[in-house]
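A.B. asks:
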Amino acid sequence: MSKIDENEILNRLNNLSQVEPTKETTDHAMQRVRDTLMNNEGRRVGLAPPSLMSGLMKLAAAAVLMVGAGFIGGRLSAPEPVNMQELQAALESSLKSSLEPAIRRQLHDEFESRLQLALAAERNMLKQELAQQVHRDMETYAGQTLTTVGDLMDQRLVEFARMIEVARIKERQRVAAAFDYMGSRFGDSLVTLASQRNNLAGAELTGPTPNKSEN
Amino acid sequence: MDKSGADLYALLTRLTLREEVAEELMQELFIKLNKSRGTGNAANLEAYARRAAINLAFDWRRSQKQTTLPLGQVAEPASNDDSPLGKLVHSEEIQQTLDAVGRLKKASREVLVMRYLQQESYDNIAEQLGKTSHQVRALCSRAIRNLRDVLGSNEHKSSKKEIHNV
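Those protein sequence lines, which keep their order, are chains A and B.
Note that the first sequence covers residues 1 to 215 in my numbering.
Note that the second sequence covers residues 216 to 381 in my numbering.
This is how it looks when you write it as structure tokens:
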């Protein structure tokens, strides 16, 4: 029946798959979508939330049904035809009295729960931000303290090294003075020893003095 | 949107062959996705968006066929004749093929578009559709067969018309 073979179909589909829109049109389309979505979000924020609307609608429908049922029951049991204006006024007042407090209460509850949720989210966010801030501050403080301690340690070490060097120089000077003193004392002793030896030698050469009693 | 927006726009361009229509459909698609409650429940959001885009594009093609404009009011495709898109737009065969794809069943159409227009792997399609790879292969071959039948019957009808006119 068909004249077209599968290859021809696949070829056509393959040609279609090669179609690519330009980057400009793609960017333009995406930007438009973004703008539209942003507008929609903004509009939605202004309206009551869908859950609230649906709840109110249900409540209103129930109230209308109840009032309607009451009206029909009253109409059937009423002996005389009802004045329409009176009925309208009665309906309005009954609707107002039955719906208004419930709507107010529901709105109040809904807004309160939403407010609580928003506040809880805000509190969590603040807590996280505060924790991050404290963490950052602690890190900065720790870094600064480490740097200061390191600098002080270096300074003290340099001072210590200088004091050791001064002490060593003083010690050397004392030792050198001691050696000088010892050297000078040793020289004096040698001189004294030499002079005494000379005296002794001179006395031996002259010999002993003759004893007058021996003669 | 940043992740798959460009892909969706390219898909819509392939299916409509008109960039300005693709742009409009893209708007519609994201507004629908934004409003739809099913979007939040969908396991694979990207696949959900793609299927919605395919359906939107073929709905547009059907609506175009139903509202036949007078010859003077037919909008010119917004593409250069020298570009690949421009050449394809003017190709009657390609338009016929797309129309025939639109007449297939939903599952066949989706599989065909994902496999042959988006060039996705069988495994990837299977994952998106919640089927096995073998089922997807079978669906693809059945879809091609159906497409061939639809295109064949179209040609048969058009040739009959030509003979009748002569």
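Glycine included, each C-beta is placed from N, C-alpha and C at the ideal position.
Return yes when at least one heavy atom of the ligand SAH lies under 7 Å from the C-beta of residue 154(A), else no.
C.D. replies: As presented, the structure is devoid of all ligands, the ligand SAH included, so that no description of it is given.
A.B. asks: Below 8 Å between beta carbons: does that hold for residue 359(B) and residue 6(A)?
C.D. replies: Position 144 of the second sequence, counting from 1, holds the residue named residue 359(B). Position 6 of the first sequence, counting from 1, holds the residue named residue 6(A). Yes; because the gap between Cβ atoms is below 8 Å, this pair is in contact.
A.B. asks: Which one of 332(B), 351(B), 314(B) has the shortest CA to CA distance from residue 368(B)?
C.D. replies: As a working mapping, residue 368(B) is identified with position 153 in the second sequence. Comparing Cα positions, the closest option is 314(B).
A.B. asks: From the DSSP output, in three-state form, read off residue 19(A) for me.
C.D. replies: Residue mapping note: residue 19(A) aligns to position 19 of the first sequence, counting from 1. In this structure, residue 19(A) counts as coil in the three-state DSSP scheme.
A.B. asks: At what residues does the alpha helix (DSSP H) containing residue 198(A) begin and finish?
C.D. replies: Taking the first sequence and counting its residues from 1, one reaches residue 198(A) at position 198. It spans 84–206 - the alpha helix (DSSP H) in which residue 198(A) sits, taken as one unbroken run.
A.B. asks: Out of 272(B), 354(B), 259(B), state which residue places its alpha-carbon closest to the alpha-carbon of residue 242(B).
C.D. replies: Working through the second sequence from its first residue, we reach residue 242(B) at position 27. The option with the nearest alpha carbon to residue 242(B) is 272(B).
A.B. asks: Using 8 Å as the limit for Cβ to Cβ distance, is residue 271(B) near chain C?
C.D. replies: In the structure shown, chain C cannot be found, because the protein chains are A and B.
A.B. asks: Say whether chain A places a C-beta atom closer than 8 Å to the C-beta of residue 292(B).
C.D. replies: Here residue 292(B) refers to the residue found at position 77 of the second sequence. Here the model assigns residue 292(B) a pLDDT of 46, short of 50, so the residue's position is not dependable, and the following value carries that caveat. So no, residue 292(B) is outside the interface.
A.B. asks: Using 8 Å as the cut-off, can you tell me whether the stretch 351–366 of chain B makes contact with the stretch 326–338 of chain B, which would need three or more C-beta pairs spanning the two stretches below that distance?
C.D. replies: Yes, the stretch 351–366 of chain B touches the stretch 326–338 of chain B.
A.B. asks: Compare the beta carbon distance of residue 221(B) and residue 30(A) with 8 Å and say whether it is the shorter of the two.
C.D. replies: Here residue 221(B) refers to the residue found at position 6 of the second sequence. Here residue 30(A) refers to the residue found at position 30 of the first sequence. Yes, Cβ-Cβ distance for residue 221(B) and residue 30(A) is below 8 Å.
A.B. asks: Determine contact between the stretch 237–251 of chain B and the stretch 183–200 of chain A, defined as no fewer than three beta-carbon pairs at a distance below 8 Å.
C.D. replies: The stretch 237–251 of chain B, when compared against the stretch 183–200 of chain A, does not touch it at the 8 Å Cβ threshold.
A.B. asks: Got a sec, what are the start and stop residues for the alpha helix (DSSP H) residue 333(B) sits in?
C.D. replies: For this step, residue 333(B) is matched to residue 118 along the second sequence. Unbroken run through residue 333(B): none, as it is neither H nor E.
A.B. asks: Checking 8 Å against the spacing of the C-beta atoms, do residue 414(B) and residue 219(B) come in under that value?
C.D. replies: With chain B running from 216 to 381 in the structure shown, residue 414(B) is simply not present.
A.B. asks: Compare the C-beta of residue 2(A) against all C-beta atoms of chain B and say whether one is closer than 8 Å.
C.D. replies: Reading the first sequence from its first residue, position 2 is the one you call residue 2(A). Legend: pLDDT at residue 2(A) = 48, less than 50; position of this residue unreliable, no value from coordinates given.
A.B. asks: For the alpha helix (DSSP H) containing residue 306(B), list its first residue and its last residue.
C.D. replies: Translated into positions along the second sequence, residue 306(B) becomes position 91. It is not in any alpha helix (DSSP H) - residue 306(B) carries neither H nor E in the DSSP assignment.
A.B. asks: Could you tell me if residue 228(B) is buried or exposed, where buried requires 16 or more neighbouring beta carbons within 10 angstroms of its beta carbon?
C.D. replies: Within the second sequence, the letter at position 13 stands for residue 228(B). Result: buried.
A.B. asks: Hey, how far is the Cα of residue 293(B) from the Cα of residue 238(B)?
C.D. replies: Residue mapping note: residue 293(B) aligns to position 78 of the second sequence, counting from 1. Residue mapping note: residue 238(B) aligns to position 23 of the second sequence, counting from 1. Because the pLDDT of residue 293(B) is 44, which lies under 50, any placement of that residue in the model is unreliable, and the question is left without a value.
A.B. asks: So what's residue 319(B) in DSSP terms, helix, strand or just coil?
C.D. replies: Translated into the one-based positions of the second sequence, residue 319(B) becomes position 104. Three-state DSSP puts residue 319(B) in coil, outside helix and strand.
A.B. asks: Counting C-beta neighbours from all protein chains within 10 Å, is the total for residue 206(A) 16 or more, i.e. buried, or is it exposed?
C.D. replies: Position 206 of the first sequence, counted from the start, is the residue given in the question as residue 206(A). Exposed is the call here.
A.B. asks: Could you check what DSSP says for residue 347(B) in three-state terms: helix, strand or coil?
C.D. replies: The count along the second sequence starts at 1 and reaches residue 347(B) at position 132. Three-state result, residue 347(B): coil.
A.B. asks: Do the CB positions of residue 94(A) and residue 67(A) come within less than 8 Å of each other?
C.D. replies: Here residue 94(A) corresponds to residue number 94 of the first sequence, with the count starting at 1. Here residue 67(A) corresponds to residue number 67 of the first sequence, with the count starting at 1. Closer than 8 Å, so yes.
A.B. asks: Given a cut-off of 8 Å, decide if residue 312(B) and residue 275(B) are closer than it, judged by their beta-carbon atoms.
C.D. replies: Position 60 of the second sequence holds residue 275(B). Position 97 of the second sequence holds residue 312(B). No; because the gap between Cβ atoms is not below 8 Å, this pair is not in contact.
A.B. asks: Which residues, taken in chain order from the stretch 236–250 of chain B, show a beta carbon closer than 8 Å to some beta carbon of chain A?
C.D. replies: Answer set for the stretch 236–250 of chain B: 237, 238, 241, 242, 245, 246, 249.
A.B. asks: For my contact list, residue 4(A) and residue 277(B) are in at a C-beta cut-off of 8 Å; report their separation, rounded to the angstrom.
C.D. replies: As a position in the first sequence, residue 4(A) is number 4, starting the count at 1. As a position in the second sequence, residue 277(B) is number 62, starting the count at 1. Actually they do not touch by this definition, with Cβ atoms about 22 Å apart.
A.B. asks: According to DSSP, is residue 259(B) helix, strand or coil?
C.D. replies: Start at 1 with the first residue of the second sequence, and residue 259(B) comes out as number 44. Three-state DSSP puts residue 259(B) in coil, outside helix and strand.
A.B. asks: Could you give the DSSP three-state label for residue 167(B): helix, strand or coil?
C.D. replies: Since the first and last residues shown for chain B are 216 and 381, residue 167(B) lies out of range.
A.B. asks: Where does residue 204(A) land, buried or exposed, given buried means 16+ other C-beta within 10 angstroms?
C.D. replies: Reading the first sequence from its first residue, position 204 is the one you call residue 204(A). It counts as exposed.
A.B. asks: Using three-state DSSP, classify residue 368(B) as helix, strand or coil.
C.D. replies: In the second sequence, counting from the first residue as 1, residue 368(B) sits at position 153. Three-state result, residue 368(B): helix.
A.B. asks: Roughly how many angstroms lie between the CA atoms of residue 169(A) and residue 175(A), to the nearest whole one?
C.D. replies: Mapped onto the first sequence, residue 169(A) falls at position 169. Mapped onto the first sequence, residue 175(A) falls at position 175. Looking at the two C-alpha atoms, the distance is approximately 10 Å.
A.B. asks: Taking only beta carbons into account, state which residues of the stretch 127–143 of chain A come closer than 7 Å to chain B, listed in chain order.
C.D. replies: So nothing in the stretch comes that close.
A.B. asks: Under three-state DSSP, which class holds residue 5(A)?
C.D. replies: By 1-based counting over the first sequence, the position of residue 5(A) is 5. Residue 5(A) falls in the coil class under three-state DSSP.
A.B. asks: Strictly below 7 Å CB to CB, what residues from chain A border residue 325(B)?
C.D. replies: The count along the second sequence starts at 1 and reaches residue 325(B) at position 110. Going along chain A, no residue has its Cβ under 7 Å from residue 325(B), so there is no contact; the nearest lies around 14 Å.
A.B. asks: Could you name the residues of chain B that residue 10(A) contacts, counting a contact when the two beta carbons are closer than 8 Å?
C.D. replies: Numbered from 1 along the first sequence, position 10 holds the residue referred to as residue 10(A). In chain order: 331, 359.
A.B. asks: Our contact map puts residue 99(A) next to residue 60(A) with C-beta atoms below 8 Å; I'd like the distance itself, whole angstroms only.
C.D. replies: Taking the first residue of the first sequence as 1, we reach residue 99(A) at position 99. Taking the first residue of the first sequence as 1, we reach residue 60(A) at position 60. With a Cβ gap of about 6 Å, residue 99(A) and residue 60(A) count as contacting.
A.B. asks: Hey, residue 249(B) and residue 343(B): beta-carbon distance below 8 Å or not?
C.D. replies: One-based indexing of the second sequence puts residue 249(B) at position 34. One-based indexing of the second sequence puts residue 343(B) at position 128. No. Outside cutoff.
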